[in-house]
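Asker: Going by my numbering, the first residue of the sequence shown is number 1403, and it counts up by one from there.
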Amino acid sequence: MSLQANDFELFAVPARFAQDRAQLDTRWKALQREAHPDRFAADGAAAQRVAMQWSVRINEAYQRLKDPLKRAAYLCELRGAPVQAENNTAMPAAFLMQQMEWRENLDDTESAEGLETLADEVSAEQRRVQQELARLLDDVQDPLQAVGQVRALMFIERFTQEVNAKLDRLT
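#1: Where do the ends of the alpha helix (DSSP H) carrying Glu1488 lie?
#2: Gln1547 and Leu1538 look like a contact to me (Cβ under 8 Å); what is the Cβ gap, rounded to whole Å?
#3: May I have the straight-line CA-CA distance separating Gln1563 from Asp1445, to the nearest angstrom?
#4: Near Pro1439, what residues of its chain come up, given a Cβ to Cβ distance below 6 Å and the 5 sequence neighbours on each side ignored?
#5: Helix or strand or just coil, what does DSSP make of Leu1405?
#6: Is it buried or exposed, Pro1545, if we count other Cβ atoms within 10 angstroms and call 16 or more buried?
#7: Out of Arg1459, Lys1568, Thr1573, point me to the one whose CA is closest to Glu1436's CA.
#8: Leaving out the 5 sequence neighbours to the left and right, which residues in its chain are closer than 7 Å to Phe1419 when beta-carbon positions are compared?
#9: Taking the straight line between their C-alpha atoms, what separation do you get for Glu1506 and Glu1523?
#10: Sort Glu1488, Lys1568, Met1493 by Cα distance to Glu1518 and report the nearest one.
#11: Quick check on the burial criterion: 16 or more other C-beta atoms within 10 angstroms. Buried or exposed for Pro1470?
#12: Grab the span of the alpha helix (DSSP H) containing Met1493 for me, first residue to last.
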């Protein structure tokens, strides 16, 4: 295995959006055991440095693969459609309207119950977007269309953090 192998190759899993989290966790632990620098203590400093590089590479891959947003963005990039969220913020009008409604609801809601209702609504949309990403990336093989869904998921995850922060302040 090469340090330049893509994350899916490194973890020996298919290059798909849909992943089995338990399988990723098990593979991460196995890879970390194989590459742990302590295993190479008797082999000298050079071997330990290489093991450390492997350990860092394995952790980076694991962080990307276990997170649906990072995994989707990574797949888009691997398939020639980088997300470029900082340069491309175009979103469908319906999603922009939904964002505005959520934002107004967040600003106007002062009860934990109301915020939990909003959080449930946003969570349902997050699941829907993830299902759409699975369809676009795994079934249809359309990374260009998936890029828009990745940007939507980015917003949803940031907004979820804001809802949770306000909920924490109220409880």
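C-beta: ideal position from N, C-alpha, C; glycine also.
Answerer: Per the coordinate set shown:
#1: As a first step, residue 1488 must be located in the sequence shown, where it is residue number 86. Unbroken run through Glu1488: none, as it is neither H nor E.
#2: For this step, residue 1547 is matched to residue 145 along the sequence shown. For this step, residue 1538 is matched to residue 136 along the sequence shown. About 5 Å; that satisfies the 8 Å criterion.
#3: Translated into the one-based positions of the sequence shown, residue 1563 becomes position 161. Translated into the one-based positions of the sequence shown, residue 1445 becomes position 43. Distance between the alpha carbons of Gln1563 and Asp1445: 46 Å.
#4: Taking the first residue of the sequence shown as position 1, residue 1439 is located at position 37. Excluding positions up to five away in sequence, the list reads Gln1450, Ala1453, Met1454.
#5: Locating residue 1405 in the sequence shown gives position 3, counting from the first residue. Leu1405: coil per DSSP, three-state reduction.
#6: Locating residue 1545 in the sequence shown gives position 143, counting from the first residue. A residue is called buried once 16 or more other Cβ atoms fall within 10 Å of its Cβ, and Pro1545 is buried on that count.
#7: Here residue 1436 refers to the residue found at position 34 when the sequence shown is read from its first residue. It is Arg1459 whose Cα lies nearest to the Cα of Glu1436.
#8: Numbered from its first residue, the sequence shown carries residue 1419 at position 17. Same-chain partners within the cutoff: Arg1473, Ala1474, Leu1477, Leu1535, Ala1536, Leu1539, Asp1540.
#9: Walking along the sequence shown from the start, residue 1506 turns up at place 104. Walking along the sequence shown from the start, residue 1523 turns up at place 121. Glu1506 and Glu1523: Cα-Cα distance of roughly 14 Å.
#10: If you number the sequence shown from 1, residue 1518 lands on position 116. Of the residues Glu1488, Lys1568, Met1493, the one whose Cα lies closest to the Cα of Glu1518 is Lys1568.
#11: Indexing the sequence shown from 1 puts residue 1470 at position 68. Here Pro1470 is buried. Its C-beta has 16 or more other C-beta atoms within 10 Å.
#12: The residue given as residue 1493 occupies position 91 in the sequence shown. It is not in any alpha helix (DSSP H) - Met1493 carries neither H nor E in the DSSP assignment.
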